[in-house]
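Reading through the structure tokens given below for one structure.
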Amino acid sequence: MGNPTRCYRAAAVLMIVHGGLMEVGVFLAVFPLLALGVDFGTVGQYFSFNVPFFQENLVEMMVLSGVFGVTRIIGAVGVLRNRLWGLALSVINCVVTMALMVFMLPAGIVDGLLACSALVLLLTSYFGTRPLSPPTGRA
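The sequence shown maps to residues 1 to 139 in UniProt numbering.
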């Protein structure tokens with residue numbers, strides 16, 4: 001799929017953009033809302049999600065978004081520093097995002113695009129062209 005180092009770097013950039021803009025950015029939006037005195041009981045009516053639970057707990061989700069964002073950025077930094085733990089953490093982040101994105105529609109579409117793209121880059125870079133099973137030597 002190309003140069004593994006370049007693919008790792010591209011995946012890390014995707015994860016930093018994803019974690020920084022989409023997740024940490026949402027977390028940071030809580031503070032201006034607090035400063036402006038926004039009624040958090042009604043905030044959920046301006047956003048729609050597939051699952052009513054998310055709609056009702058939007059502020060808590062915004063805070064948890066910061067945790068996911070920082071974790072995603074830490075994994076990306078680990079990948080950029082050529083650390084195996086960074087790869088493992090990043091793969092876990094991408095898989096969890098894939099599992100949760102269907103509940104977060106419509107925002108989950110962008111989550112899915114970024115996470116799935118990063119996951120494909122990470123896995124193809126790590127495994128390369130290795131076959132599933134070793135050659136048997138039969139002719």
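Note that CB positions come from ideal geometry on N, CA and C, so glycine has one too.
Computed from a prediction, not measured in an experiment: that's the story for all the values here.
For residue i, the first and last residue of its enclosing alpha helix (DSSP H)
i: Ser-117; result: 108-127
i: Val-30; result: 30-35
Residue nearest to residue i in terms of C-alpha spacing, selected from the options
i: Val-30; options: Gly-128, Met-61 and Asn-82; result: Met-61
i: Gln-10; options: Leu-132, Ser-125 and Val-24; result: With the sequence shown as reference, residue 10 is identified as Ala, and Gln is not the correct amino acid for it. Nearest option by C-alpha distance: Ser-125.
i: Pro-32; options: Gly-19, Gly-20, Pro-134 and Val-59; result: Val-59
i: Arg-6; options: Gly-128, Thr-136, Pro-134 and Pro-135; result: Gly-128
i: Val-51; options: Val-120, Leu-132, Gly-41 and Leu-100; result: Leu-100
i: Ile-16; options: Thr-136, Gly-66 and Leu-84; result: Gly-66
i: Gln-55; options: Gly-37, Arg-83 and Pro-106; result: Pro-106
i: Glu-23; options: Leu-121, Pro-134 and Asp-111; result: Asp-111
Sub-8 angstroms separation of residue i and residue j beta-carbons
i: Gly-78; j: Leu-64; result: no
i: Gly-75; j: Gly-86; result: yes
i: Leu-14; j: Leu-123; result: no
i: Asn-57; j: Arg-72; result: no
i: Met-98; j: Cys-116; result: yes
i: Ala-12; j: Leu-80; result: yes
i: Leu-119; j: Val-91; result: yes
Outcome for residue i when other beta-carbon atoms lying within 10 angstroms are tallied against a minimum of 16
i: Val-26; result: buried
i: Ile-109; result: exposed
i: Gly-19; result: buried
i: Asp-39; result: exposed
i: Leu-121; result: buried
Kindly provide the ranges of any alpha helix (DSSP H) runs that are 4 or more residues long and lie completely inside the segment 6-89, ordered along the chain.
25-28, 30-35, 52-56 and 58-80
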